[in-house]
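I have placed the structure first, in the form of structure tokens, so that the comments after it can refer back to it.
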Amino acid sequence: MLPKLPRDRLLELCRRMFLIRHFEESLVPLHDKGVFGGHYHLYIGQEATGVPAISCLRSDDYLFTTHRNHGHLLARGAEPKRLLAEILGRVDGLNKGKGGSFHSVAPSLGFLHSSGVVAGIIPLSTGTAYASKALKNGRLTVCLFGDGSLEEGAAPEAFNLASLNKLPVLFLCENNGKYGAGRAVAAGQSSSMAAYPLTDLPKAYKIPAQLIDGIDAGLVHATVSEAVEKIRRGEGPQFIEAQTVRWPGSETNWPSVPHPTDTSLAWDASGVTEKAREWYHSCDPLLVFIRELVEAKQATKDDVAAIERQVKTEIAAAVEFAIASPYPKPEEAERNFFA
Amino acid sequence: MRELAYYEAKFEALDEIMAADSRVHLINGTFLSLSPHRHVFQNLAKKYGDRMMMPPISELGFCGLATGAAMAGLRPIVDLSTGSFIYEAWPQVANEAANAYSMSGGQTRVPVVFHLFHGLRGGGAAQHSGSPQAMLWNCPGLEIVIPSSPRDVKGLLKTAVASDNPTVFVDHTKLLDLRGDVPENDKPIPFGVADIKRAGSDVTLIATSFTVQVCLGAAEKLVKEKINVEVIDPRTLVPFDLATILASVEKTGRVVIADETHQSCGVASEIAARIAESGFDKLKTRIRRVSTLDVPVSYSPPLEEYIGPSESRIIDAVRASVA
């Protein structure tokens, strides 16, 4: 379902989902051509979780994210061209080329530190929450991590700390392995947790926890809004697990785009290879969202196509900007590691 | 000059720091380990209870909490108590706190202090006698402070809390009862300034932490043998004051380094390498290291005594250096 929001805000959510999708689809050929190296992780398939969830926050709230951070940063309003420059290791990158895909940050948007260690941010998120509580500034922390993060001991230690101290933090676990990567539907979870459902873990620490469908933008928006309200009222931490279905482009060792996204796919996915068709037909949160927009008469197909065209233009400009941006001077490697 | 016990100077520093800056929070511990002076901490707790947090036994969790709180504007001091416990928190200290400033392109500051008691403390056995400062010296992004006197612990703690970088404050329980001069209204001691604890002309004896005190005792005994030892305490490993040491080596031409970290890749090894690289032409004899032997620490008192940088081992090394 659609979030219960006015039309202009729904269209803005739509724009940000498109922005994430086309940004990330543009990364794949850049990596394949060797424009940037190293490992990278895409957020495709999780747009209907991050975009509505992050739209529930105040502008001064803190967010922590992981190696899979591009979608969260773009959902919050980071400039695509500076994020792309960072991924390419360029001087105009968000971190001046010192962080890369794993560690992109945007302190002015509340992203202070992005960790490539899957549970690294979970204790850190209790820290910003502790500071907000001590400074009584009402700032909330949202900690965005994947299901695999729960396998590290940092997660339960942080849950205990957050619960004991009633810290203002939302743990938003994005489980992108609803049916397991590359496996047939209903093949089970992708993480290796004896605690299952995953919500059993935070519940053991008396943190209210719910499991929701991460493809349902309306449900995500309603659930996160309610959790955020409770946290702001001083009720302590909340946990939400949002489940999505793994994008078939992630089935291979390196991401590959099974089919470039286009508005028209929302109504006709017959051109997609058979293997990936089911995902685009029923599990793609972006296509689900735009179908709902049109069905609810919040937008016409042409409106949606116009938003997509504008996003594609912006991404093309971002790619041009990032490629033109110079690398940092080599000597910079041994500078500025102390404040 | 006013004389204080080391633990009193340390608590005076904590009291003054907390009074001056409401962003300072204490996370965990007593800052006195299991010493008989733990009651002193109660005075702080009465004054600043709302800025003190006693977390569960979750070193990884609470070091991360402190690091995150530092990112968001507090200046937390975390007490890990026994130094070996920092191994439980390694990912947060070595991989998050140490890297955050650099990897954010200089945008995110992490003004946190990790406080711990390192070393051979008498019966600590293998798991409570660790000296993690050498491993931490291999993690760029951390400042490492290691005091050896009442005046230094006060002055260095103030600088550590004022620093915008993650700082590891490496203390030693055997120092807590040491008495020494601590002037009233003493200034904070800047990092990267070594202190010549005893001036001498024959041998440069470099030491850290409690071993500085052992070296001062050894130096007095060596006077009878007409060996005049200069004892230098770097006081901070990061940043490191090599200039003061090289100036001493210029004078003496002889170097002994005594330190409680294990020998391989230890603090003495790194200092020896730096002197060899930058001051080899000043040396009249090879550099000698007196480190903790490369074995796990045994419990039984004579075994613990045998492996550490004891006075007798230090004296032997100095004698060999001038022989």
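Chains as they are written, first to last, in our numbering: chain U, 1 to 339; chain E, 1 to 323.
The beta-carbon is built from N, C-alpha and C at its ideal position, and this holds for glycine as well.
Note that the structure is a prediction, hence the values are computed from the model and not measured.
E251 (chain U) sits in coil when the DSSP states are folded into three classes, being neither helix nor strand. Boundaries of the beta strand (DSSP E) harbouring I232 (chain E): 229 to 233, taken from the DSSP string.
Assignment of T167 (chain E) by DSSP, reduced to helix, strand and coil, places it in the strand class.
Setting aside the 5 residues that flank it on each side, S291 (chain E) is surrounded in the same chain by D259, T261, H262, Q263, G266, A268, P309, each with a C-beta closer than 7 Å to its C-beta; the list follows chain order. For I207 (chain U), the CB contacts under 8 Å within the same chain, skipping 5 residues up- and downstream, are F159, A162, S163, F171, G236, P237, Q238, F239 in chain order. As computed with DSSP, S81 (chain E) is found in a beta bridge with E:L116. L164 (chain U) has a beta carbon lying within less than 9 Å of a beta carbon in chain E. If one requires a minimum length of 3 residues, the beta strand (DSSP E) runs lying completely within the stretch 47 to 101 of chain U are 62 to 65, in chain order. Taking a beta-carbon distance threshold of 9 Å, I231 (chain U) does not count as an interface residue toward chain E. Shown in chain order are the members of the stretch 98 to 126 of chain E whose Cβ falls below 7 Å from a Cβ of chain U: A100, Y101, S102, M103, S104, G105, G106, Q107, T108, R109. If you draw a straight line from the Cα of T67 (chain E) to the Cα of D303 (chain U), it comes to about 46 Å. Remark: three or more beta-carbon pairs, one from each stretch, lie closer than 8 Å, so the stretch 128 to 137 of chain U and the stretch 64 to 78 of chain E are flagged as touching.
With 16 or more other Cβ atoms from the protein chains shown falling within 10 Å of its own Cβ, M103 (chain E) counts as buried. Separation of E184 (chain E) and R2 (chain E) (C-alpha to C-alpha, rounded to the nearest whole angstrom) is 7 Å. Sixteen is the threshold: when 16 or more other Cβ atoms of the shown chains lie within 10 Å of the Cβ of W137 (chain E), as they do, the residue is buried.
In the three-state scheme derived from DSSP, where H, G and I count as helix and E and B as strand, L283 (chain E) is classed as coil. In this structure the stretch 34 to 49 of chain U touches the stretch 279 to 299 of chain U; the number of beta carbon pairs closer than 8 Å is three or more. For F145 (chain U), there is no enclosing alpha helix (DSSP H); the residue is found in the beta strand (DSSP E) stretching over 141 to 146. By the Cβ rule, the stretch 106 to 118 of chain U does not count as touching the stretch 39 to 46 of chain E, because fewer than three pairs are nearer than 8 Å.
The stretch 223 to 243 of chain E makes contact with the stretch 193 to 203 of chain E; the number of CB pairs closer than 8 Å reaches 3 or more. From the listed residues U:S115, U:K136, U:S101, the smallest Cα separation to D61 (chain U) is found for U:K136. Taking a C-beta distance under 9 Å as the contact criterion, R76 (chain U) and F111 (chain U) qualify as a contact pair. In terms of Cα proximity to I323 (chain U), the closest of U:C56, U:L84, U:H22 is U:L84. E174 (chain U): member of the beta strand (DSSP E) spanning 169 to 175, first to last residue. Each residue's CA atom was taken as its position, placing S282 (chain U) and E226 (chain U) some 27 Å apart.
For S312 (chain E), no chain U residue has a Cβ inside 7 Å of its Cβ, as the nearest lies near 40 Å away. For L150 (chain U) and W90 (chain E), the gap between their C-alpha atoms comes out near 18 Å. In this structure, DSSP gives Q210 (chain U) an extended state, which the three-state scheme calls strand. In this structure, the beta-carbon distance from Y7 (chain E) to L176 (chain E) falls below 9 Å.
Residue burial annotation: N253 (chain U) is exposed, with fewer than 16 other C-beta atoms found within 10 angstroms of its C-beta.
Residue state for I57 (chain E) is assigned as coil, using DSSP reduced to three classes. Just so you know, the alpha carbons of M53 (chain E) and I27 (chain E) end up roughly 5 Å apart. Non-local beta-carbon contacts of G34 (chain U) in its own chain, meaning distances under 7 Å to residues more than five positions away in sequence, are absent. The Cβ neighbour count for S125 (chain U), taken over all protein chains shown within 10 Å, is at least 16; the residue is labelled buried. For D164 (chain E), the C-beta contacts it makes with chain U under 7 Å involve A339, in order along the chain. Between the C-alpha atoms of D79 (chain E) and I245 (chain E) there is a straight-line separation of about 31 Å.
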